[in-house]
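The structure under discussion appears below in the form of structure tokens.
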Amino acid sequence: MSTQNCLFEFILLVFFAFCNCSQDYCHIDSDCGPNYGSKDRYLLYDVNPPEGFNLRRDVYMRFAILAYKLKQSKKDELNNFKLVLPPWSRLFHWKYNAEPEHIPWGRFFDLESLKRFAPVIEMYEFFDAINQTYGVKIDEVYVLQHFKDMFETGNFKDRMQIEQCAQKYQINYFFYKNVTSNNVKCLSYHGPATKLSQLLLKSSAKTILLDHAEVALHDMFGDRTYWQCRRSMRFNKDLQKIALDFRQKYLNSSDEFLPENWEDEKPKRSTKGGPYLGVHLRRRDFLRGRAHQVPSINSITQQITNLLEKLNLSQVFIATDADEDEYRDIIKNIPFKTQRYTPDSETREKIKDGGVAIIDQIICSHARYFIGTYESTFSFRIQEEREILGFPPDTTFNCFCKENTECPQPTRWKIVY
């Protein structure tokens, strides 16, 4: 073999080695096109790793509303921002493989519906756009943290300031091996996510990551913009179909139809729901951290039975994180038909634990009556879905009571169109 041929093969080997490396972040079905010179800027965010699926959905809303308002800005420095959706990976409540899975939002949500509200893109779309073949170095990273004196002094005024890091933060960069930054600062922060536009306006960076984004608050919880954002968070159509098939087969429940686009929804309060009781029981970590408000299994069984008799219903659907033994203990003394969604192994592998949780929420959302767990974000998301569908508040905002204690009920956050 000639020296020229050897050199050519060596160059090819180096080239393919770098190409394989780039697949750590490029979407498998896409071509990473040259677009880094465009005027688009990219806002990335991430959340404290232990936070669960439904809290992360809430943090998304805070930043989607920020992106929505940036898009409306008359300043070019702001209205070119796209919000990059952090892939779902290694959530505390999910079973996951040793290697991070980087599940895109489109696996769980209707991405086109999200985009009709705010300029959001999947992570793989971001990688395609910036075309950084050998890795991504984010221009600026800000780790959000609470002001040290906030809770001691009661100073809850909106403010932000670059300060010394309150602790040693480990940034995981979404579990990608070749995403990093040389410019990391800690930003002590109190205020709504929309206030961060002041930070973005002062920066000329093309890519900005806000870590521990849960520190930023809602701009206005429960107002019209909040509900526009929330209504745009429609679930993936495949998951909706699985939930509908289950309801039709096991719960004698037809669909409560919504318009094709969330913008076309109209106020209503006449939704009846399928002939079953929907239940969400949060156990596991609530048994440890909230033992003072979690009812016993006997009490749960009795409360479910009493509701079924009162509502003249003969079946109950239960969504719960209880283990199998505890679940059997709950249902064995309920003298009515009980249902629980349990996918086969092939379906579970396809939709993941997040998909199972969403199907549970959809089914509970269509019940004649719903009762959930106090202060559970999982229950709260179901209550929001029922508000969007148009259920009467009395059938929606209910929670289990611990025996022999006061029993506060959830706040009724009414939809605003």
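Take 2 as the starting number for the sequence shown in our numbering and just add one per residue. Think of the CB as a built atom: it goes at the ideal place given N, C-alpha and C, for glycine as much as any other residue. All of these numbers come straight from a predicted model, not from anything done at the bench.
Can you tell me whether lysine 178 is buried or exposed, with buried defined as 16 or more other CB within 10 angstroms of its CB? exposed
Check whether the Cβ atoms of lysine 116 and asparagine 81 lie closer than 8 Å to each other. no
Under 8 Å by Cβ, that's how I've got alanine 368 and phenylalanine 337 pegged, so tell me the actual separation to the nearest angstrom. Wrong, their Cβ atoms sit about 14 Å apart, outside the cutoff.
Inspect the CB distances between the region 170 to 187 and the region 136 to 155 and report whether three or more fall short of 8 Å. yes
Nearest residue (CA-CA) to glutamine 362, options Thr272, Ile416 and Arg235: Arg235
On the DSSP bridge assignment, give the partners of tryptophan 89 in chain order. Note: tryptophan 89 sits in a beta bridge opposite Ile104.
Start-to-end residues for the alpha helix (DSSP H) that takes in serine 380: 378 to 390
Mind pulling the alpha helix (DSSP H) runs of 4 or more residues that sit fully within the region 200 to 262? 225 to 233 and 238 to 251
For serine 189 and glutamine 162, believed in contact at Cβ under 8 Å, the rounded distance: Yes, glutamine 162 and serine 189 are in contact; Cβ-Cβ is about 5 Å, under 8 Å.
Considering only residues of the same chain and omitting the five flanking positions on each side of glutamate 164, which have a CB-CB separation below 7 Å? Cβ-Cβ distances below 7 Å link glutamate 164 to Cys187 and Ser189 in the same chain, with the five nearest sequence neighbours on each side left out; the list follows chain order.
Measure the beta-carbon distance from leucine 145 to alanine 214 and round it to whole angstroms, keeping in mind my assumption that it falls under 8 Å. 6 Å
Cut-off 7 Å between Cβ atoms - residues of its own chain near phenylalanine 392, not counting five sequence neighbours on either side: Thr272 and Gly274
Compute the beta-carbon to beta-carbon distance between glycine 223 and phenylalanine 371, rounded to the nearest angstrom, for a pair I have assumed lies under 8 Å. No, glycine 223 and phenylalanine 371 are not in contact; Cβ-Cβ is about 19 Å, not under 8 Å.
Cut-off 6 Å between Cβ atoms - residues of its own chain near arginine 42, not counting five sequence neighbours on either side: Asn81, Phe82 and Lys207
Classify glutamate 386 as buried or exposed, calling it buried when 16 or more other Cβ atoms lie within 10 Å of its own Cβ. When all chains shown are included, glutamate 386 counts as buried.
As assigned by DSSP and simplified to three states, the class of lysine 83: Three-state DSSP puts lysine 83 in a strand.
Between phenylalanine 152 and isoleucine 335, what straight-line distance do the alpha-carbon atoms span, to the nearest angstrom? 46 Å
Alanine 130 by DSSP, collapsed to three states: which one? Residue state for alanine 130 is assigned as helix, using DSSP reduced to three classes.
In whole angstroms, what is the alpha-carbon distance linking arginine 225 and arginine 63? Here the alpha carbons of arginine 63 and arginine 225 stand approximately 14 Å from one another.
Going by DSSP, what residue range makes up the beta strand (DSSP E) through serine 39? Run containing serine 39: none; DSSP gives neither H nor E here.
Whether or not the region 85 to 96 and the region 245 to 254 are in contact is what I'm after, with contact meaning three or more pairs of Cβ atoms, one per stretch, closer than 8 Å; do they touch? No, the region 245 to 254 does not touch the region 85 to 96.
4 or more residues per run - each alpha helix (DSSP H) lying fully within the region 273 to 358: 285 to 290, 298 to 312 and 325 to 332
Can proline 105 and lysine 72 be called in contact, C-beta distance under 8 Å? no
Indicate the three-state DSSP secondary structure (helix, strand or coil) for alanine 65 in the structure shown. helix
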